[in-house]
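Contents: one structure, followed by commentary.
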Ligand SMILES: [Zn+2]
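In our numbering, the protein residues as written are 48 to 304.
Dropping the structure here:
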């Protein structure tokens, strides 16, 4: 593969390929890759270095996950991953600012990742998955106790948003802290920052109304909320996902203890 630096289209359909070699990264001009109907079990991270890729077809393989680095391929307009074993799509999908066609039919998805509805999609195929049903589920009104680490992280993240704050000016001098804080998220309701503690919720997005597509179906999209305080406010349409009452706070404590 190393000897084909000018290759633009690569079609490996209908073979018995189990893995793509790391050397695939040398095909730096590749725009279309099709590995339909093979036996791929994973997508090599090296594939994600091919930033000219505009179309990837991985339909009918054995993929159980996609690497988050796939979102480095910002020229992607068409992504076909139907008939695999995907349980979820990695977070950060909004980075694919040009994605117009997505086929995830015939997988095991329960919902779409955060901010999915902000993609400029024109076509979406998603039948044959395990999506959470569109019905409100009761939430557990736990008392939430944040760890000191989480409280400090939220304070620092909030301060960092203000360009004139001391925190914002000093953070670049603490690279390991910056790396740690980079994993934080933002509450879908109050827009406040959080680091490792959130409530996993779901909201139902209308393809027609919210994404301007022809289909009138609604799809579940993941949303993260910073606290029960936010979750318990009236007038929002986020539901507890009911899949895993995701309280990494608790997991954190178990790990630390
Ligand atoms: Zn909030």
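Each residue gets a CB set at the ideal place from its N, CA and C atoms; glycine is no exception.
Here the segment 205–223 does not lie against the segment 245–264, with fewer than 3 beta-carbon pairs under 8 Å apart. Counting every other CB atom within 10 Å of its CB across the protein chains shown gives residue 104 a total of 16 or more, marking it as buried. Contact fails between the segment 188–203 and the segment 151–162, because fewer than three Cβ pairs, one in each stretch, are under 8 Å apart.
Collapsing the DSSP output to three states places residue 69 in a helix.
The beta carbon of residue 175 lies closer than 7 Å to those of 152, 153 in the same chain, with the five residues before and after it left out.
C-alpha of residue 119 to C-alpha of residue 253: approximately 27 Å in a straight line. For residue 246, the Cβ stays outside the 7 Å cut-off from all heavy atoms of ligand 1.
No residue range can be given for residue 257, since it is assigned to no beta strand (DSSP E) and is classified by DSSP as neither H nor E. If you check the C-beta of residue 168 against ligand 1, you find no heavy atom less than 7 Å away. With fewer than 16 other beta carbons inside 10 angstroms of its own, residue 177 counts as exposed. Look at residue 281 here: in three-state DSSP terms it is coil, with no helix or strand label. Between residue 146 and residue 168, the beta carbon gap of about 6 Å places them in contact (Cβ cut-off 8 Å).
Shortest gap from the CB of residue 274 to any heavy atom of ligand 1: under 7 Å. Setting aside the 5 residues that flank it on each side, residue 166 is surrounded in the same chain by 140, 141, 143, 146, each with a C-beta closer than 7 Å to its C-beta; the list follows chain order. For the pair residue 179 and residue 134, the Cα-to-Cα distance works out to about 12 Å. The secondary-structure analysis by DSSP pairs residue 173 with nothing; it has no beta-bridge partner.
Of the candidates 72, 267, 62, 107, 72 places its Cα closest to the Cα of residue 50. Relative to ligand 1, the nearest heavy atom lies less than 7 Å away from the CB of residue 239.
Take the alpha-carbon of residue 83 and the one of residue 65: they are about 12 Å apart. Proximity to residue 274 across 76, 194, 62 peaks at 194, based on C-alpha coordinates. For residue 86, there is no enclosing beta strand (DSSP E), since its DSSP letter is neither H nor E.
Beta-bridge analysis with DSSP links residue 140 to no other residue.
With contacts defined as CB atoms closer than 8 Å, residue 285 and residue 250 qualify as a contacting pair. Inclusion of residue 77 and residue 59 in the CB contact set at 8 Å is not warranted, their separation being larger than that value. With a cut-off of 7 Å, the C-beta of residue 181 is classified as distant from ligand 1, since no heavy atom of the ligand falls inside that distance. Counted as a single uninterrupted DSSP element, the beta strand (DSSP E) harbouring residue 252 occupies residues 246–253. Within the segment 189–232, no complete beta strand (DSSP E) segment of 3 residues or longer occurs.
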